[in-house]
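Quick notes on the structure that follows.
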Amino acid sequence: MIREQAIRDVKRALDIVERQWPELADGYLEVPLEAYSSEAVAALDRELFETSPLALLASSEIAKPNDYHVRMSVGRSILLTRDAEGRARAFLNYCRHRGAEPARGCGNARVFLCPYHGWSYDTKGRLTGMPLRDRFKDLDMGRMGLVELPCEERHGFVWVVLRPGHPIDVASHLGPLDAEIASIGAERMTYFNALPEEPLETNWKSVTEGLLEGLHVPFVHAGTFATNPQALDLDLGFFDAVGKHVRWVLPMFTRADVARIRATPESEWKPNELVAYVWWVSPNLTLAHEYYGLIYADLSPGEKPSQAVFRYGWISPILEAPPGLPSPEEMASRTAVAVRQDKPVWEGCGRGLRQGAHGAVVIGRNEPGLKLMHESVARQTGYAGLRVAKS
Ligand code: FES
Ligand SMILES: [Fe+2]
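In terms of this note's numbering, the sequence shown opens at residue 15 and continues consecutively.
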């Protein structure tokens with residue numbers, strides 16, 4: 015994190031912890047149930063997902079030339095490769111013959127052989143061969159490569175726009191968050207898988223809400239994160255809109271520490287021990303500090319408004335844990351446990367959002383991260399149904 019920003023955040027955290035009261039939004043936000051369940055709103059959301067750069071992989075997942083990885087995103091099979099020259103590329107993983115999926119899983123390969131009739135493609139997506147070539151001798155193979163998607167590698171992630179031919183500019187997409195994401199140093203980190211691609215029976219915005227608040231932790235994750243169920247003050251943090259995105263700052267100290275921190279000269283503060291960060295990068299990416307690494311979560315809408323697909327992992331700057339801390343593999347499996355605890359609750363929300371007759375979800379004044387996320391999505395998609403009720 016950039017030091018000047020982090021020092022400002024520590025000061026703000028000190029105020030909040032000292033008064034034991036969070037920064038509140040200026041009103042309740044009502045999100046009509048249609049925002050989670052109607053086809054019309056889902057179409058607006060899909061447009062956002064199809065035109066935004068999505069961080070589909072950590073760079074370390076295709077670290078070496080000819081590494082590849084197949085992902086599903088917004089209902090599409092995407093083949094990500096690193097070509098022989100080291101450039102990350104993305105393609106729609108659909109054969110130009112009759113549409114089968116030439117690549118599966120992940121690994122290292124120079125050639126992808128379509129399982130249906132044996133057409134083959136290279137890591138640049140070029141059609142390089144087919145059985146019975148003489149039967150297709152009039153076919154211009156140069157025009158029959160896999161459909162390439164706009165792709166850019168930046169700050170340790172491989173970003174893809176799902177719409178062929180659409181511009182991609184990750185720096186301008188990140189906007190004022192670009193330097194902060196750069197400061198994470200994810201290009202030097204290794205990805206540890208927690209959940210490959212988990213289907214969820216609920217709307218993606220409902221899940222995103224669950225990633226931007228800590229209020230559910232004592233209820234849903236009591237055993238996992240060793241919190242005190244009586245401590246219902248997990249809203250002691252603050253949120254800012256940063257361009258289209260949201261930054262959440264969590265104090266990592268208690269009221270008993272405030273005087274000691276204030277008495278220490280600022281130049282001696284170690285902000286990374288005093289505050290933790292969670293970023294929601296519109297529309298699909300959550301990065302959250304946890305111990306010595308970060309959670310890297312990627313959420314996309316499923317085929318129906320009531321479905322989402324969640325991928326969850328952990329990126330680590332080191333391969334062995336510091337003394338006394340869980341290994342990166344254990345961190346990843348711990349986060350998977352947490353998501354499996356969330357899943358039944360989220361799917362309950364999914365049923366409530368589909369079948370509830372209560373009109374709207376109410377977002378509390380102490381849940382400003384959710385408000386900022388909904389407002390950003392509404393601004394970007396043109397959805398006009400959000401209502402702020404002043405208290
Ligand atoms: S569909 Fe791929 S070779 Fe026929
Ligand atoms: Fe959770």
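We treat Cβ as the ideally placed atom computed from N, Cα and C, and that holds for glycine.
Keep in mind that this is a model prediction, so the values were computed, not measured.
{"Item": "Residue range of the alpha helix (DSSP H) that includes His187", "Value": "184-188"}
{"Item": "Heavy atom of ligand 2 within 7 Å of Val351 beta-carbon", "Value": "no"}
{"Item": "Touch test, the region 184-195 against the region 327-334, Cβ-Cβ under 8 Å, three pairs minimum", "Value": "no"}
{"Item": "Cβ-based neighbour list, Val376, same chain, cut-off 7 Å, excluding 5 preceding and 5 following", "Value": "Tyr42, Glu44"}
{"Item": "Under 8 Å between C-beta atoms of Ala117 and Val174", "Value": "no"}
{"Item": "Own chain partners of Leu141 with C-beta closer than 7 Å, once the 5 adjacent residues on each side are dropped", "Value": "Arg110, Trp133, Tyr135, Met155, Met158, Gly159"}
{"Item": "Cα-Cα separation, Ala20 to Leu299", "Value": "21 Å"}
{"Item": "Beta-carbon proximity check, His493 vs Ala196, cutoff 8 Å", "Value": "Past the edges of the chain, shown from 15 to 405, lies residue 493, and the structure says nothing about it."}
{"Item": "Exercise answer, beta-carbon shell around ligand 1 heavy atoms below 5 Å", "Value": "Cys109, His111, Arg112, Ala114, Cys128, Tyr130, His131, Trp133"}
{"Item": "Backbone secondary structure at Ile332 - three-state DSSP", "Value": "coil"}
{"Item": "Alpha-carbon spacing of Lys385 relative to Gly316, whole angstroms", "Value": "23 Å"}
{"Item": "Of the listed residues Glu115, Gln394, Thr137, Arg112, nearest to Asn122 (C-alpha basis)", "Value": "Thr137"}
{"Item": "Gly383: CB within 7 Å of a non-hydrogen atom of ligand 2", "Value": "no"}
{"Item": "Backbone CA spacing between Met387 and Val260 [nearest angstrom]", "Value": "7 Å"}
{"Item": "Continuous alpha helix (DSSP H) stretch holding Gly383: start and end", "Value": "382-395"}
{"Item": "Between the CA atoms of Lys258 and Arg325 - distance to the nearest angstrom", "Value": "22 Å"}
{"Item": "Own chain, CB closer than 8 Å to Ile30, minus 5 neighbours either side, in chain order", "Value": "Pro36, Glu37, Leu250, Gly251, Phe252, Pro265"}
{"Item": "Own chain, CB closer than 6 Å to Val295, minus 5 neighbours either side, in chain order", "Value": "His259"}
{"Item": "Cβ-heavy atom distance, Val376 to ligand 2, below 7 Å", "Value": "no"}
{"Item": "Beta-carbon proximity list for Val353, same chain, < 8 Å, skipping 5 on both sides", "Value": "Ala208, Leu209, Glu212, Phe324, Tyr326"}
{"Item": "Proximity winner among Glu99, Arg112, Gly119, relative to Arg85 (alpha-carbon distances)", "Value": "Gly119"}
{"Item": "Identified DSSP bridge partners for Cys120", "Value": "His83"}
{"Item": "Beta-ladder partner(s) of Ser134, from DSSP", "Value": "Leu127, Gly143"}
{"Item": "Cβ-Cβ separation, Leu176 to Val88 (assumed contact under 8 Å), whole Å", "Value": "6 Å"}
{"Item": "Proximal residues to His83 (C-beta, below 7 Å), its chain only, five neighbours per side dropped", "Value": "Leu71, Glu75, Ile76, Leu94, Cys120"}
{"Item": "Environment of Gln355 [buried if 16+ CB atoms lie within 10 Å]", "Value": "buried"}
{"Item": "Burial state of Ile16 (16 or more Cβ within 10 Å)", "Value": "exposed"}
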